[in-house]
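Counting with the working numbering, you get residues 795 to 909 for the letters of the sequence shown.
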Amino acid sequence: MDKDKSKRLFLKSKKSFRRRLSPIQSGDRIDYKNMSLLYRFISQQGKILSRRVNRLTLKQQRLITLAIKQARILSLLPFVNSLPFVNNEKKKYEKSDSITRTPSGQTGQKKNRVT
Numbered sequence: 795m796d797k798d799k800s801k802r803l804f805l806k807s808k809k810s811f812r813r814r815l816s817p818i819q820s821g822d823r824i825d826y827k828n829m830s831l832l833y834r835f836i837s838q839q840g841k842i843l844s845r846r847v848n849r850l851t852l853k854q855q856r857l858i859t860l861a862i863k864q865a866r867i868l869s870l871l872p873f874v875n876s877l878p879f880v881n882n883e884k885k886k887y888e889k890s891d892s893i894t895r896t897p898s899g900q901t902g903q904k905k906n907r908v909t
């Protein structure tokens with residue numbers, strides 16, 4: 795009797811779980827020309843999302859990665875998607891007035907002339 799009780803303590807209760815559906819349906823073909831499929835697995839910065847985020851199998855992730863790389867080489871997809879950072883790039887390359895170069899090549903503060 796004691797053995798039966800100890801076995802029952804370690805048995806896990808059978809909870810039903812809902813298996814998440816794969817983002818790739820059986821009819822979807824993983825191909826470098828299928829842009830609507832490939833855009834689902836790329837972040838806003840243009841990076842390939844990880845397998846955990848995508849919920850793909852290992853084989854599917856490898857095929858998606860190869861298809862994305864082929865599409866990038868053929869210029870169907872950008873290597874880097876820089877649309878969200880357009881405003882930051884403009885500020886980076888603006889000319890600043892605070893530092894001027896002297897003829898000797900040293901940098902110095904802007905000189906104020908008094909007349």
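C-beta: ideal position from N, C-alpha, C; glycine also.
Beta-bridge analysis with DSSP links I867 to no other residue. Less than 8 Å divides the Cβ of I824 from the Cβ of I858. 8 Å or more divides the Cβ of S837 from the Cβ of L831. Judged by DSSP secondary structure, V847 falls within the alpha helix (DSSP H) whose first and last residues are 845 to 848. Between A861 and M829, the alpha-carbon positions lie close to 10 Å from each other.
Shown here, I842 sits in a strand according to DSSP, grouped into three states.
Collapsing the DSSP output to three states places I862 in a helix.
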